[in-house]
Every structure is written in C-alpha cells, then in structure tokens.
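**Q**
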Amino acid sequence: MKVRTMMGTLIGTLMLAGAALAQSAWKPTERINYIVGVAPGGTVDLYARAIKDGLERLKLVNGQTILVENKVGAGGALALGLLKSNKGNAHYLATFHTGAIAGAVTGLIKSDPREFVPVAMMVEETSLVAVRVDSPLKTGTDLVDVLKADPTKLRIAVAPALGQNVHMAIAKPLKVAGVAIDKLTIAPFRSSGESVTALIGGHVDVVSATAPVILPQVAAGKLRIIASAARDHGTGALAGVKTWREQGVAADYVSYNGVMLPPGVNADQIAYWEAVLRRVSQDKQWQTLVDNSGNKPIFRGYVDSHRYLMSEWDTATELAGSLGLGSAR
12 MKVRTMMGTL
22 IGTLMLAGAA
32 LAQSAWKPTE
42 RINYIVGVAP
52 GGTVDLYARA
62 IKDGLERLKL
72 VNGQTILVEN
82 KVGAGGALAL
92 GLLKSNKGNA
102 HYLATFHTGA
112 IAGAVTGLIK
122 SDPREFVPVA
132 MMVEETSLVA
142 VRVDSPLKTG
152 TDLVDVLKAD
162 PTKLRIAVAP
172 ALGQNVHMAI
182 AKPLKVAGVA
192 IDKLTIAPFR
202 SSGESVTALI
212 GGHVDVVSAT
222 APVILPQVAA
232 GKLRIIASAA
242 RDHGTGALAG
252 VKTWREQGVA
262 ADYVSYNGVM
272 LPPGVNADQI
282 AYWEAVLRRV
292 SQDKQWQTLV
302 DNSGNKPIFR
312 GYVDSHRYLM
322 SEWDTATELA
332 GSLGLGSAR
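The numbering used here numbers the first residue of the sequence shown as 12 and each following residue consecutively.
#1: So what's Ala241 in DSSP terms, helix, strand or just coil?
#2: Does Leu195 come out as helix, strand or coil in the three-state DSSP assignment?
#3: With burial defined as no fewer than 16 other Cβ atoms inside 10 Å of the residue's Cβ, what is the status of Ala105: buried or exposed?
#4: Near Ala331, what residues of its chain come up, given a Cβ to Cβ distance below 7 Å and the 5 sequence neighbours on each side ignored?
#5: Let's see if you can read the secondary structure: which residues bound the alpha helix (DSSP H) around Arg125?
#6: What separation, rounded to the nearest whole angstrom, lies between the Cα atoms of Lys149 and Val260?
#7: Using the C-alpha atoms, what's the distance from Asn303 back to Lys98?
#8: Within 10 angstroms of the Cβ of Val190, are there 16 or more other Cβ atoms? Answer buried if so, exposed if not.
#9: Just verifying my parser: in three-state terms, what is the DSSP assignment at Leu32?
#10: Would you kindly work out how many angstroms separate the C-alpha atoms of Gly251 and Asp193, rounded to a whole number?
#11: Drop a sphere of 10 angstroms on the beta-carbon of Pro147, count the other beta-carbons inside from all chains shown, and report buried for 16 or more, exposed for fewer.
#12: Please report the residue range of the beta strand (DSSP E) in which Lys1 lies.
#13: Tell me which same chain residues have a C-beta within less than 8 Å of the C-beta of Gln293, skipping the five on either side of it?
#14: Rounded to the nearest angstrom, how far is the Cβ of Ser266 from that of Glu126, given a contact under 8 Å?
#15: I'd like to know if the region 212-224 and the region 63-80 are in contact, where contact means that at least 3 CB-CB pairs between them fall below 8 Å.
#16: Mapping the DSSP letters down to three states, classify Tyr58 as helix, strand or coil.
#17: What are the start and end residues of each continuous beta strand (DSSP E) run of 3 or more residues lying completely inside the region 74-122, in chain order?
#18: If you measure between the beta carbons of Tyr283 and Lys38, is that distance less than 8 Å?
#19: Taking the Cβ atom as the reference point for each residue, do Gly87 and Gly114 lie within a distance shorter than 8 Å?
#20: Please return the same chain residues whose Cβ sits closer than 6 Å to the Cβ of Ile281, not counting the five positions on each side in sequence.
#21: Can you grab the Cα-Cα spacing for the pair Gly212 / Ile181, in whole Å?
#22: Which same chain residues end up closer than 6 Å to Phe107 when comparing Cβ atoms and leaving out the 5 residues on each side of it in sequence?
#23: DSSP three-state label for Ser322, please.
#24: Using a 10 Å radius around the Cβ and a threshold of 16 neighbouring Cβ atoms, would you call Ser322 buried or exposed?
#25: Looking at Trp255: is its Cβ nearer than 8 Å to the Cβ of Pro184?
#26: If you follow the beta strand (DSSP E) that Gly269 is in, where does it begin and where does it stop?
#27: Taking Lys159 as the reference, give the member of Ala262, Val72, Lys186 with the closest Cα.
#28: Measuring alpha carbon to alpha carbon, tell me which residue in Val134, Met133, Ala286, Gly110 is nearest Pro124.
#29: By DSSP, does Leu27 sit in helix, in strand, or in coil?
#30: With burial defined as no fewer than 16 other Cβ atoms inside 10 Å of the residue's Cβ, what is the status of Val140: buried or exposed?
#31: Measuring straight from C-alpha to C-alpha, what distance separates Lys82 and Pro199?
Quick look at the structure:
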C-alpha cells in the first residue's frame, strides 16, 4: 500500500538519523495553528489547550504564539481537511486520536488518518462501562451473562457515533466473551456528556465512555463502574475497578490522544515537534492535569505513534467487520 510504503521510508530516515535529529535545525518562524476537530469543553479540547499552554509556558516554540481553532463537523473530517490543505507546513498541528482511526474505518470520517504524520501520543485514555447505582448489574460478568442470553435486552449508550472508540471499547470485550455484538441495542449520542445524562435519567441501561466523563458521576453517587477496558488495574479513583481481564475476559481496548502534523513534513520538522512535545509530557503541571482527569500521561514519539496507527487500523477494521459497520478503504 502506498501509504505504508511512504511512511515506512520516513520511519527509516528518522531511525537512521537518531540522536542527531534531537538537535533539530528547524524551528517555527510564524504563528502555530492547532486544529481541534471537536467542540470546546470536552477532554480532547482540554488536552489540546493544555499542550498549547505547556508549549508556550515552557518557551518551547521559538517565541511564537499558538492559536487553537475548533474546526467542528463531519466527524472530524473538516479538521483533517484543513490540516491536509497545509501539506508540508509544520506550523500546523492537530489532535491525533484513536477515534479518528475507528471513524475512518467505519466510514464515519471521510478522511484517511494514515495520510497524516502522528508525531506523539501523550494521553492513554481509560474507557469504562458504567450503570446506575440502582442497576442489578454489579460486574462486567453480569453484563456478559445478560447479553449472551439476549443481546438486545439492554440499551447501551455510546458517543459520538457508532463505530467510534467508545463503541469499540465495549464491543471488543463483549465479542471476546461470546456476545453477538452485531445484535446489540446501541444508542449513539452526540457526546459522552449526553450519553451519561441519558443513563442517569433512565433512558439507557449501560454507558461506555472515558473516565473523565464517568468519574464525577461516580463521586456524586449516581453511577457505578462495572468494568474497565484498560490493560492494567487502575489507581486512584479507579483502584477499586476491575478490568475486563480481571473478570475473565481476555480483552482490552486502549485509546490514545496526541498530536499529528500535515502530510509532507520532513524528518527535521518531525524531530523538532517530537522533542518539544516530549518536554511537555515531562512537565508536572501537564501530568497532574491528565492524572486528575482520570487518564494516564504517557509519551510515545513518531515511530511508535505511526506503528500504533497502522496496527490500530488493522484491528479496527476487523472489529468493525464484526459489528457490520463500514469497510476499510
């Protein structure tokens, strides 16, 4: 495939350059535009603005300012379109997110993330399954038992659409557990805030969403978490939550949030952004913000981010097929 060959060549160039690229000769010389494909207020927007603030506060952008622009519409395709129109211009950044991969595979997003350059993954997101506190479902095992007997019985809320990462995060473990996931009753909402509100109001029975949306309602005594799709047992507010694997289901689903560049940027530009974003990832203020949101601060550079993108594309394609959603391009 052309995309794989092109990006594989760029990986080879970066790996051969090694430490020399850490001292990148390229630096921004004009305003930096940070494109965010969702509306203000959610965690994707929160992290983008925190990365912007970290870059400026730590004086990592050669004295330039950063403008965050929320380009909302078409499931994120408008943001990717704007990024693509600035091919080769490393003064443009955008959010790199697992949801864009799942959305493209299922046809929700009419753009191909493989055309872009993921330069860093900075947040490992935890997807949770929650129910109301008065629900008879106490564990993920209870959920599996009900759905294996009748996959249509419970209404499961996801957002922002079918086939996005929070849908995949519950579909994957249920599939592994033997549930007929193509027969599930899935209710898509525009945002996880809306899906959680619907759960609290009794309009749905189960919700799949990321930790920052669910944890405040758990603290308020309205929701109970019955499973985590994380690979490892959580800490802090998630210390008492069992993963799917701890409940006998050999599956996990981890999504990532980070930064991507337009197509056509060169290795020197990638090295610059990788280096400064690594510095942000090491900043205590950034780490505290991510920790407090219920997610995990990490850092993966360009090579690991690109490998993840290609691997996740294949995984999402297989899972989407099981759900009867879309087809990979």
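Glycine included, every Cβ here is placed at the ideal spot set by N, Cα and C.
Note that the structure is predicted; figures quoted are calculated from it, not measured.
**A** Taking the coordinates as given:
#1: DSSP, read as helix, strand or coil, puts Ala241 in coil.
#2: It is coil, neither helix nor strand.
#3: Burial call: buried.
#4: Non-local C-beta neighbours of Ala331 in its own chain, meaning closer than 7 Å and more than five positions away in sequence, comprise Val116, Thr117, Gly174, Gly337, ordered along the chain.
#5: Unbroken run through Arg125: none, as it is neither H nor E.
#6: Near 16 Å, if we compare the C-alpha coordinates of Val260 and Lys149.
#7: One C-alpha to the other measures close to 36 Å.
#8: By the 10 Å Cβ count, Val190 comes out buried.
#9: Residue placement at Leu32 is poorly supported in this model, since its pLDDT is 43, which falls under 50; the coordinates still yield a value, given next. In the displayed model, Leu32 falls within a helix according to three-state DSSP.
#10: One C-alpha to the other measures close to 31 Å.
#11: Label assigned to Pro147: exposed.
#12: This structure does not reach residue 1, given that the chain is present from 12 up to 340, and the question cannot be answered.
#13: Beyond the five residues adjoining it in sequence on each side, Gln293 comes within less than 8 Å, by CB distance, of Phe310 in the same chain, given in chain order.
#14: Going by Cβ atoms, the distance from Ser266 to Glu126 rounds to 20 Å, so no, they are not a contact pair.
#15: In this structure the region 212-224 does not touch the region 63-80; the number of beta carbon pairs closer than 8 Å is below three.
#16: DSSP places Tyr58 within a helical segment (H, G or I) once states are collapsed to three.
#17: The DSSP assignment places complete beta strand (DSSP E) segments of no fewer than 3 residues inside the region 74-122 at 77-81, 103-108, in order along the chain.
#18: Cβ atoms of Tyr283 and Lys38: closer than 8 Å.
#19: Yes.
#20: Here Ile281 has Val130, Tyr313 as same chain residues with Cβ atoms under 6 Å from its own Cβ, once five neighbours each way along the sequence are excluded.
#21: Distance from the CA atom of Gly212 to the CA atom of Ile181, rounded to whole angstroms, is 21 Å.
#22: Same-chain partners within the cutoff: Pro129, Gly269, Val270, Met271.
#23: The three-state secondary structure of Ser322, taken from DSSP, is helix.
#24: When all chains shown are included, Ser322 counts as exposed.
#25: Going by C-beta atoms, Trp255 is nearer than 8 Å to Pro184.
#26: Secondary structure note for Gly269: its beta strand (DSSP E) is the uninterrupted segment 265-272.
#27: Checked all of Ala262, Val72, Lys186; the closest Cα to Lys159 is Lys186.
#28: When the alpha-carbon of Pro124 is set against those of Val134, Met133, Ala286, Gly110, the nearest one is in Gly110.
#29: In this predicted model, Leu27 has a pLDDT of only 40, less than 50, meaning its place in the structure is not dependable; the value taken from the coordinates is given anyway. The DSSP-derived three-state label of Leu27 is helix.
#30: Burial call: buried.
#31: Cα to Cα, the separation comes out at about 22 Å.
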